[in-house]
Amino acid sequence: MQIKEFSEKTGLTPYTIRFYEKKDLFRVKRDEKNRRIYDETDIEWIKMLKRLKDMGMKLS
Numbered sequence: 299m300q301i302k303e304f305s306e307k308t309g310l311t312p313y314t315i316r317f318y319e320k321k322d323l324f325r326v327k328r329d330e331k332n333r334r335i336y337d338e339t340d341i342e343w344i345k346m347l348k349r350l351k352d353m354g355m356k357l358s
């Protein structure tokens with residue numbers, strides 16, 4: 299799925315998703331044209347990151 303659909307499914311803005319990627323909080327697969335490709339595994343990872351953040355864990 300593309301970033302728009304991923305954003306809708308996770309409740310995060312595309313900006314936040316890219317920010318998390320830049321901070322190496324998760325790695326995104328890319329297609330042959332270097333576009334980000336997200337899957338269900340990425341959704342589960344984001345859910346875990348959100349839970350950790352909700353518990354007060356810092357991104358750093």
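Read in order, the letters of the sequence shown correspond to residues 299 to 358 in the working numbering. Here a beta-carbon is modelled for each residue, glycine too, at the ideal position from N, C-alpha and C.
Below 8 Å on the Cβ atoms is my guess for residue i versus residue j; work out the distance and round it to an integer in Å.
{"i": "Leu310", "j": "Ile335", "result": "Going by Cβ atoms, the distance from Leu310 to Ile335 rounds to 17 Å, so no, they are not a contact pair."}
{"i": "Glu347", "j": "Lys321", "result": "According to the sequence shown, residue 347 is Leu rather than Glu. So it is not a contact: roughly 10 Å between Cβ atoms."}
My output table needs one value for residue i: the three-state DSSP class, helix, strand or coil.
{"i": "Arg325", "result": "coil"}
{"i": "Arg349", "result": "helix"}
{"i": "Arg316", "result": "helix"}
In terms of alpha-carbon separation, which member of the options lies closest to residue i?
{"i": "Val326", "options": "Gly354, Gln300, Lys351", "result": "Gln300"}
{"i": "Phe324", "options": "Lys331, Glu306, Thr314", "result": "Thr314"}
So, residue i versus residue j, is the Cβ gap smaller than 7 Å?
{"i": "Ile341", "j": "Lys302", "result": "no"}
Would you say residue i reaches chain D, if we count a Cβ-Cβ gap shorter than 7 Å as a contact?
{"i": "Phe304", "result": "No chain D is part of this structure, which consists of one protein chain only."}
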